[in-house]
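Colleague:
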DNA sequence: ATGTTATATGCAAATATAGGCATATAGGCA
DNA sequence: TGCCTATATGCCTATATTTGCATATAACAT
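Protein chains in written order, with the numbering used here: chain L, 5 to 141; chain G, 5 to 141.
#1: May I have a chain-ordered list of the alpha helix (DSSP H) segments no shorter than 4 residues that lie completely inside the stretch 25 to 51 of chain G?
#2: Would you say residue 63 of chain G lies against chain L (beta-carbon separation less than 8 angstroms)?
#3: Taking a cut of 7 angstroms between CB atoms, which residues from the stretch 79 to 110 of chain G lie near chain L?
#4: Over the uninterrupted beta strand (DSSP E) stretch that includes residue 69 of chain L, give me the two end residues.
#5: Would you say residue 11 of chain L lies against chain G (beta-carbon separation less than 8 angstroms)?
#6: Does any CB atom of chain G fall closer than 8 angstroms to the CB of residue 46 of chain L?
#7: With a cut-off of 8 angstroms on the beta carbons, I'd call residue 89 of chain G and residue 100 of chain G a contact; round off their distance for me.
#8: Excluding the 5 residues flanking residue 39 of chain L on each side, which residues of the same chain have their C-beta closer than 6 angstroms to its C-beta?
#9: Short of 6 angstroms in beta carbon distance, which residues of its chain neighbour residue 59 of chain G, apart from the five on each side in sequence? Order them along the chain.
#10: Taking only the alpha-carbon atoms, compute the straight-line gap between residue 25 of chain L and residue 67 of chain G and give it to the nearest angstrom.
#11: Please compile the residues from chain G whose C-beta is within a distance smaller than 8 angstroms of the C-beta of residue 20 of chain L.
#12: Spatial neighbours of residue 86 of chain G within its chain, please: CB distance less than 7 angstroms, with the 5 preceding and 5 following residues excluded, ordered by chain position.
#13: For residue 22 of chain L, collect the residues of the same chain with a Cβ closer than 7 angstroms to its Cβ; drop the 5 residues on either side in sequence, then sort them by chain order.
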């Protein structure tokens, strides 16, 4: 846990990209792979990655690495953080937050054994991939 | 209500001065006079004033003017705002937030008929003023 | 080894923000 | 009228932040 002031933490959330990432992690009950977040938010990979670094440095999220893959989840060991994530989950409604959740839900169907097994999947490919896997949209 | 994104609103709270002002308004059940906020936070008047302007433009607070005096209070007509203020009240604990509340509590004892009747009161004068009024610290 | 993929990071330009000071505005009061 | 006080604001400078691109790192596959 770092010595970030509450204001510094809120400032980190005061950015559309980082708030969308935070909301996705707060709303999803799973640890999310970076590529899943990138696909759900349809943002450049470096933006998501930089956002995650800031969230991690602020003690808000934690990462489990599995080879080159990184799974992020909220750090709930701190009560203030838990309250923050609860708040974000409820506060961030409407667009683009709702669509982000929808896109993530679809993307998670590509998992196998609850693990991410594909990298970045441009929207075009998603349909084909899911048909190939015999998964309904 | 303005068309501020959630991220824009959180960015406004992501500043120590504005967060302290917001917390003071969230925690106090009263409308607060600008000079009371300035005295409680011991910040330059222009900083508090600028902060209040930003909070007001974001639709977070409202002001009732009474002559030259301005009384600010959270704008609770919006459910998302109400949740935000609830969150801030609980999230902002420790310093300087606790001391801010203490200082405000003392400062509010100078009110008469629940109205602010003195302007800026440098800490030195506060004691004398309260003795003169026969109020316990 | 070589290539491919997932993720992180260094750098530079454009832009935004905070902080401070002085001053404006405007109401109350002598 | 003129003075005092409460509050707001314009301007400036220093500093921080965002964004985009290119590239680094590191694991894995062939």
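Even glycine gets a Cβ: it sits at the ideal position worked out from N, Cα and C.
Modeller: According to the structure shown:
#1: 38 to 45
#2: no
#3: Considering only beta carbons, the part of the stretch 79 to 110 of chain G lying closer than 7 angstroms to chain L consists of 84, 87, 88, 91, 94, 95 and 96, in chain order.
#4: 65 to 70
#5: With 8 angstroms as the cut-off, residue 11 of chain L counts as an interface residue toward chain G.
#6: no
#7: Between the beta-carbon of residue 89 of chain G and that of residue 100 of chain G there is about 18 angstroms, and that puts the pair past the 8 angstroms contact cut.
#8: In the same chain as residue 39 of chain L, and ignoring 5 residues on each side of it, the C-beta atoms closer than 6 angstroms to its own belong to 123 and 124, in chain order.
#9: 65
#10: 34 angstroms
#11: 9 and 11
#12: So the list reads 80, once near-sequence residues are dropped.
#13: 16, 55, 58 and 59
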